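The opening residue of the sequence shown carries number 1373 in the numbering used here; numbering runs sequentially from there.
Yeah, the Cβ is synthetic: ideal placement off N, Cα and C, and Gly gets one too.
Fair warning: this is a prediction, and the values are worked out from it, not measured in the lab.
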Amino acid sequence: MATNAIDQTRRMLSLVTYLRERPGAHVQDVARAFGITEDELISDLDVLPMCGTSFRGGDLLDIDTDGDRIWWHNPDDVAEPLRLAADEATALLVAARAVATLPGLRESDRDALVRATAKLETAAGESGVASSRLSVTFEAEGGVFADVDRAISERRRLWLRYYSPARDELTEREVDPIRLFAVGHTYMEGWCRLSEARRTFRLDRVAEIRLLDAPAAPPELELRDLSAGLVQPAAEDPEVVIEVGTGGRWVAEYYPHDSAEELPDGGLRITLRTPDPASLRRLALRLGGDGRIVAPPELADSAREAARDALAAYEDAV
């Protein structure tokens, strides 16, 4: 079963407490205690050394394993109680109150958050009073995130109305969610029942979302490594240069690129790499007067020819 980011965060927080109380714990015993595989536990242990009270080396968790036992070498160094500054307490309280209002949040999580916020208000004193005069309103993405997270936790299918800027259209589809992740924006990876394939959806492009009663049953898929980005063009891939007007600036947001230079008319000169430059002919046709392929010359010629053929076919039909 896929694990979402919130569940993994809960587990890792509990794991820190568990390991502090059990120095030299066996990998097999810890994995059994948390109901996960040993590979999942090792993956968590690879992340924990990047956590701590700051990014200075001595403040990070010094946790490692030899594959059999787990050792935490500096529990006393990073376990000292921290004091929040007034601005930190205010920011934390405002954020906590805002998150507690998210639609789709599990009631047990909401109740726990409300209790924690009340304790923090008491401890913050004057800062707690000041924070009550501030509020945050989430964009629609917050509600979408909560619904997707709930669907993953309850293993339920989702119905979406999703906007595709490349086609400039809204489509309706049912999706079995697999995981949430963030690479610049927040995305959901899932099995799309419309295309019968794995697809990635950017949450701020979800126009409408509903949880369905149907169970989610995505096929067994190997999760992609996204550490280098959502789309990972190779350095040896051919370079393509596209110039777009103001109506085509979305291309820089939608396509990974090496550079995007501002043009005097408000457009962009975008340089990107792709293993299949010919696939960008469709982009050129989609842009119409809002963009053109500049280089390589043979691709620019091919795009112009495709545009002429499309225009001729339209005129023949009329």
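{"Query": "With 16 other Cβ atoms within 10 Å as the buried cut-off, status of E1670", "Result": "exposed"}
{"Query": "The stretch 1392-1402 contacting the stretch 1433-1447, beta-carbon criterion three pairs below 8 Å", "Result": "yes"}
{"Query": "Closest Cα partner of V1578 within the set A1490, A1588, E1546 and D1401", "Result": "E1546"}
{"Query": "Straight-line Cα distance separating T1543 from E1561", "Result": "17 Å"}
{"Query": "Supposed close pair D1609, T1646 - CB separation, criterion 8 Å", "Result": "6 Å"}
{"Query": "Rounded C-alpha distance that separates A1675 from R1570", "Result": "29 Å"}
{"Query": "For R1665, three-class secondary structure by DSSP", "Result": "The sequence given here places Ile at residue 1665; Arg does not occur at that position. Three-state DSSP puts I1665 in a strand."}
{"Query": "Which residues DSSP lists as bridging G1562, in chain order", "Result": "P1549 and R1571"}
{"Query": "Cβ separation of V1613 and P1649, assumed to be a contact under 8 Å, to the nearest whole Å", "Result": "Between P1649 and V1613 the Cβ distance is about 11 Å, and since that is not below 8 Å, they are no contact."}
{"Query": "Complete runs of the alpha helix (DSSP H) confined to the stretch 1614-1649 [at least 4 residues]", "Result": "1622-1626"}
{"Query": "Validate contact between the stretch 1613-1622 and the stretch 1573-1587 using beta carbons, cut 8 Å, 3 pairs", "Result": "no"}
{"Query": "Alpha carbon of E1493 to alpha carbon of T1462, nearest angstrom", "Result": "9 Å"}
{"Query": "L1552, buried or exposed, once every other Cβ within 10 Å from all chains shown has been counted against 16", "Result": "buried"}
{"Query": "Residue of D1519, R1382 and P1668 minimising C-alpha distance to A1484", "Result": "R1382"}
{"Query": "Where the beta strand (DSSP E) containing A1348 begins and where it ends", "Result": "No information on residue 1348 is available, as it lies outside the stretch 1373 to 1690 that the chain covers here."}
{"Query": "L1657 at chain D interface by Cβ criterion, 8 Å", "Result": "No chain D is present in this structure, which holds just one protein chain."}
{"Query": "Cα-Cα separation, Y1390 to L1655", "Result": "53 Å"}
{"Query": "Sub-8 Å separation of A1523 and A1588 beta-carbons", "Result": "yes"}
{"Query": "Cα-Cα separation, T1572 to L1532", "Result": "13 Å"}
{"Query": "CB contact flag (D1416, L1387, <8 Å)", "Result": "yes"}
{"Query": "Through-space distance from R1574 to E1568, alpha-carbon basis", "Result": "18 Å"}
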